[in-house]
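Right, dumping it as structure tokens:
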């Protein structure tokens, strides 16, 4: 397992400590979890679980139905 040293301003460190404590995690585990979230290539399970939760949300085809073609961009 790798080991990393980071330097934080005091105010940021205090906020990080409070966040780690409220999550019942060590500072190291809290930081590792944050990094894992940032580098993840898939949606978190909590987001996947919400798919289809809004019964009145329009389908993609409905959303795209009113789109118009973009105008041509100016060249540089």
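In our numbering, the protein residues as written are 41 to 116.
For glycine and all other residues, C-beta sits at the position ideal for the given N, C-alpha and C.
Separation of residue 106 from residue 116, as counted between CA atoms: Translated into positions along the chain shown, residue 116 becomes position 76. Translated into positions along the chain shown, residue 106 becomes position 66. A straight-line Cα-Cα distance of about 30 Å links residue 116 and residue 106.
Length of the line joining the Cα atoms of residue 86 and residue 71: As a working mapping, residue 86 is identified with position 46 in the chain shown. As a working mapping, residue 71 is identified with position 31 in the chain shown. About 20 Å.
Candidates 91, 41, 50, 109: closest to residue 68 by CA position: Looking up residue 68 in the chain shown gives position 28. Residue 68 has its Cα closest to that of 41, out of 91, 41, 50, 109.
CA-to-CA distance, residue 108 to residue 95, given in whole angstroms: The residue you call residue 95 lines up with position 55 of the chain shown. The residue you call residue 108 lines up with position 68 of the chain shown. Approximately 26 Å between the Cα atoms of the pair.
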